[in-house]
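Asks: Numbering (this note's numbering), first residue to last: -8 to 558. Below is the structure I would like to discuss, written out as structure tokens.
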RNA sequence: UCGGGGAUCGUUCAAUUGGCAGGACAUCGGGUUUUGAUCCCGACAAUGGAGGUUCGAGCCCUCCUCCCCGAACCA
């Protein structure tokens, strides 16, 4: 548990208050058990992370358990590949479920309970198709009407239901429905479907079932079977709660029954967090698959370099509420920066290289420029991270943005006549620059002060800027992917209903031919380092020398430039 | 239209359950600095509206407005 998570544990919210009240009253003998119940039909994203953190934290705060349960009741959309991915992502996020269950583990028990309801005249087989059922359901403020099959005899229902199971009927031809109240004000209670016929192979039960339980019929009962006490879910299930309770109350289940509590799902600015919308982005080819670093899926965030702990801290910090809210993605990024600032090693990389020549650099006996091995701290925030050696010579790469022939106001960096510090190197003074016909600088010429090795001047004189650099001879080439917001607007699709209309065309910029200091050739796959003065960058796990910008550093100069432009 | 839920600084989460509306992020200003980073200090800024109860209302009551969810054999 990080500090932030501990702090959150001390906080109270309406869910923690409920749980505390239950433990105090002995409702579940003081037991707290939760579950994270994903459907294996998509990849986990930041929204799931909120639910995961909540489910696990709540259990942990009361020495309870949190299980993972795959809600695999619909073989048409589910697949093992998602099961594996969810397991992997959950582990990466830092959580280990006490047990891994599947709703399909309970198919036989659910079936028995369904027969039980039939015998109590609380369920019936409806021979109608989906259209007729929907038609009879009524609408908002408009009561439904009873199905013509509603009052079948128990024997006929039992016979039909068993034949449904045996696979005698075609998909869509019949369903089993709970007999509740077609006039109920809550649409969920208007004789909801419990079983539908599916001629599909289930990823775990194979072809042994022809009928599959619906979410409502499976969920609460699965909770009860596992001994769940607090069943947390998102707000859109509020209306299902009444049905959740109804099913449990009709069944012969011993002991205190689990109950459902809802909370608002997480939304973030400039992105989407719905499986459907994410899938659209992937299938439309807007992004390169589910792992594209611009996506809010956990595997994408991992590739991008977001530390799992920063996601956990973020989730703990935002807490839980019933308000539909869209959190500023900058808040998430501030947690990422905080973590990476203390944990990432510092390196130097030049993304837009500009040649810099030191004209008074010493040569050896053969007339070749000498190489000076500079020693730089790996992380000034943490001395234990040690130092590294960075070669320095007469030919260097600096950032294009760090030199201007004619410096604008408040620009502290290099320009003719100016002295700046090369980080960890020397103080240099620009003497002149070579430009191409457009006036774009192509080579900067400087002299260095030999007395300033390491970057400090013995006479105590100050320079206003320190810039980063990479020695040209020893530099290694790399590719850097720069990311901006995937969507240009805070709430994608707010105007047109189509998030895709709000895409940011410049969400990814590939920088080829970047010049990196030699140590970066040894970056571990997935490792996140800070490119000094630029941001945090994650080494791609599959492609050597490809780095993804996790998040940029705060940039005062960029702010000033923007301000100047705005005027 | 009916049912359910919600509304507090720009954003988001708080407010000891009726007692000086607080934090974080963002923004703005300043200090430190061999990263215009980090760090530190300061500032800005809110109870959707109208009534009512009360010594006292973000909190309780009434009415209004706005937002979200719900009419899959999805979850």
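Backbone N, C-alpha and C fix where the C-beta goes; we use that ideal spot for every residue, glycine too.
Please list, in chain order, all residues of the same chain as residue 372 whose beta carbon is under 7 Å from its beta carbon, the five residues on each side excluded.
Replies: Sequence index remark: in the first chain, residue 372 carries index 381 (1-based). Correct list, in chain order: 332 and 333.
Asks: Beta strand (DSSP E) containing residue 504: first to last residue?
Replies: Within the first chain, the letter at position 513 stands for residue 504. Here the beta strand (DSSP E) through residue 504 covers 499 to 507.
Asks: Skipping 5 residues on each side, what residues in its chain have a beta carbon closer than 6 Å to that of residue 410?
Replies: Within the first chain, residue 410 is the residue found at index 419, counting from 1. Same-chain partners within the cutoff: 418, 420 and 454.
Asks: Helix, strand or coil for residue 210 per DSSP?
Replies: Position 219 of the first chain, counted from the start, is the residue given in the question as residue 210. In the structure shown, residue 210 sits in a helix (DSSP, three-state: H, G or I).
Asks: Please name the residue in 181, 157, 349 and 277 whose C-alpha comes closest to that of residue 137.
Replies: As a first step, residue 137 is located in the first chain; it is residue number 146 there, counting from the start. For residue 137, the nearest C-alpha among the options comes from 181.
Asks: Any chance you could list the beta strand (DSSP E) runs of at least 3 consecutive residues sitting entirely within the stretch 390 to 449, in chain order?
Replies: Complete beta strand (DSSP E) runs here, min 3: 410 to 413, 418 to 426 and 432 to 439.
Asks: By the 10 Å Cβ neighbour count, where 16 or more other Cβ atoms means buried, how is residue 5 classified, buried or exposed?
Replies: Taking the first chain and counting its residues from 1, the one referred to as residue 5 is at position 14. Residue 5 should be labelled exposed.
Asks: Go through its chain and collect everything with a Cβ distance to residue 540's Cβ below 6 Å, but skip five positions before and after it.
Replies: For the purposes of this step, residue 540 is taken as the residue at position 549 of the first chain. For residue 540, where only same-chain residues beyond five positions count, the Cβ hits under 6 Å are 473, 474, 526 and 528.
Asks: According to DSSP, is residue -2 helix, strand or coil?
Replies: By one-based count along the first chain, residue -2 stands at place 7. Since pLDDT at residue -2 reaches only 46, below the 50 mark, its modelled position is unreliable, and the value read off the structure follows with that caveat. Helix at residue -2.
Asks: Once DSSP output is grouped into helix, strand and coil, what is the label at residue 460?
Replies: Counting from one through the first chain, the residue named residue 460 turns up at place 469. Looking at residue 460 - three-state DSSP - the assignment turns out to be strand.
Asks: Should residue 352 and residue 414 be called a contact, given that it needs their Cβ atoms to be closer than 8 Å?
Replies: Indexing the first chain from 1 puts residue 352 at position 361. Indexing the first chain from 1 puts residue 414 at position 423. Result no, Cβ atoms of residue 352 and residue 414 do not sit closer than 8 Å.
Asks: What do you get for residue 131, buried or exposed, if any count of 16 or more other CB atoms within 10 angstroms of its CB means buried?
Replies: Position 140 of the first chain, counting from 1, holds the residue named residue 131. Classification of residue 131: exposed, given that the 10 Å Cβ count is below 16.
Asks: In three-state terms, what does DSSP make of residue 181?
Replies: Locating residue 181 in the first chain gives position 190, where the first residue counts as 1. Of the three classes helix, strand and coil, the one that applies to residue 181 here is coil, per DSSP.
Asks: Three Cβ pairs or more, each shorter than 8 Å: is that satisfied between the stretch 92 to 99 and the stretch 58 to 66?
Replies: Verdict: yes, contact present.
Asks: Give a yes or no on whether the C-beta atoms belonging to residue 416 and residue 446 are separated by under 8 Å.
Replies: Translated into the one-based positions of the first chain, residue 416 becomes position 425. Translated into the one-based positions of the first chain, residue 446 becomes position 455. In this structure, residue 446 lies closer than 8 Å to residue 416 by Cβ.
Asks: By DSSP's criteria, residue 159 is part of a beta bridge. Which residues make up the other side?
Replies: Locating residue 159 in the first chain gives position 168, counting from the first residue. Answer is none; residue 159 lacks a bridge partner.
Asks: Below 8 Å CB to CB, which residues in the same chain sit around residue 145 once its five sequence neighbours on both sides are set aside?
Replies: Here residue 145 is taken as the residue at index 154 of the first chain, counted from 1. So the list reads 109, 110 and 112, once near-sequence residues are dropped.
Asks: How about residue 289 and residue 46: are their beta carbons less than 8 Å apart?
Replies: As a working mapping, residue 289 is identified with position 298 in the first chain. As a working mapping, residue 46 is identified with position 55 in the first chain. Contact flag unset, no.
Asks: Between the stretch 64 to 71 and the stretch 15 to 27, do three or more beta carbon pairs fall short of 8 Å?
Replies: With a cut-off of 8 Å, the stretch 15 to 27 and the stretch 64 to 71 do not count as touching, because too few Cβ pairs lie within range.
Asks: Starting from residue 382, trace the beta strand (DSSP E) both ways and give me its first and last residue.
Replies: Numbered from 1 along the first chain, position 391 holds the residue referred to as residue 382. Where residue 382 is concerned, the enclosing beta strand (DSSP E) stretches over 378 to 383.
Asks: Compare the beta carbon distance of residue 335 and residue 361 with 8 Å and say whether it is the shorter of the two.
Replies: Taking the first chain and counting its residues from 1, the one referred to as residue 335 is at position 344. Taking the first chain and counting its residues from 1, the one referred to as residue 361 is at position 370. No, these two residues do not count as a Cβ contact at 8 Å.
Asks: Residue 525 by DSSP, collapsed to three states: which one?
Replies: Reading the first chain from its first residue, position 534 is the one you call residue 525. Looking at residue 525 - three-state DSSP - the assignment turns out to be coil, as it is neither helix nor strand.
Asks: Within 10 angstroms of its Cβ, does residue 567 collect 16 or more other Cβ (buried), or is it exposed?
Replies: The structure shown does not extend to residue 567, since the chain is modelled only from -8 through 558, so no value can be given for it.
Asks: Specify the secondary structure class of residue 299 as computed by DSSP and reduced to three states.
Replies: To locate residue 299, count along the first chain from 1; it is residue 308. It is helical.
Asks: Give, in chain order, every unbroken run of the beta strand (DSSP E) that is at least 3 residues long and sits entirely within the stretch 95 to 150.
Replies: With a minimum length of 3 residues, the continuous beta strand (DSSP E) runs that stay inside the stretch 95 to 150 are 114 to 117.
Asks: Report buried or exposed for residue 193, applying the criterion of at least 16 other Cβ atoms within 10 angstroms of its Cβ.
Replies: Residue 193 sits at position 202 when you count from the first residue of the first chain. Classification for residue 193: buried.
Asks: If you run the structure through DSSP and keep just helix, strand and coil, what is residue 375?
Replies: For the purposes of this step, residue 375 is taken as residue 384 along the first chain, with counting starting at 1. Helix at residue 375.
Asks: Using DSSP with H/G/I as helix, E/B as strand and the rest coil, what is residue 268?
Replies: Within the first chain, the letter at position 277 stands for residue 268. Helix at residue 268.
Asks: Mind pulling the alpha helix (DSSP H) runs of 4 or more residues that sit fully within the stretch 182 to 261?
Replies: Complete alpha helix (DSSP H) runs here, min 4: 206 to 217 and 232 to 241.
Asks: So what's residue 470 in DSSP terms, helix, strand or just coil?
Replies: Walking along the first chain from the start, residue 470 turns up at place 479. It is a strand residue.
Asks: Which same chain residues end up closer than 6 Å to residue 260 when comparing Cβ atoms and leaving out the 5 residues on each side of it in sequence?
Replies: Taking the first residue of the first chain as 1, we reach residue 260 at position 269. 317, 319, 320 and 481.
Asks: Taking Cβ to Cβ, would you say residue 298 is nearer than 8 Å to residue 330?
Replies: As a working mapping, residue 298 is identified with position 307 in the first chain. As a working mapping, residue 330 is identified with position 339 in the first chain. Yes, they are a contact pair.
Asks: Taking just the CA atoms, how far does residue 495 sit from residue 307?
Replies: As a working note, residue 307 is residue 316 in the first chain. As a working note, residue 495 is residue 504 in the first chain. In a straight line, the C-alpha of residue 307 is about 30 Å away from that of residue 495.
Asks: Please confirm whether any heavy atom of the ligand MN lies closer than 7 Å to the CB of residue 120.
Replies: With respect to the ligand MN, the structure shown offers nothing to examine, as it has no ligands at all.
Asks: Leaving out the 5 sequence neighbours to the left and right, which residues in its chain are closer than 7 Å to residue 493 when beta-carbon positions are compared?
Replies: Here residue 493 corresponds to residue number 502 of the first chain, with the count starting at 1. Excluding sequence neighbours, residue 493 sits near 478, 479, 480, 483 and 484.
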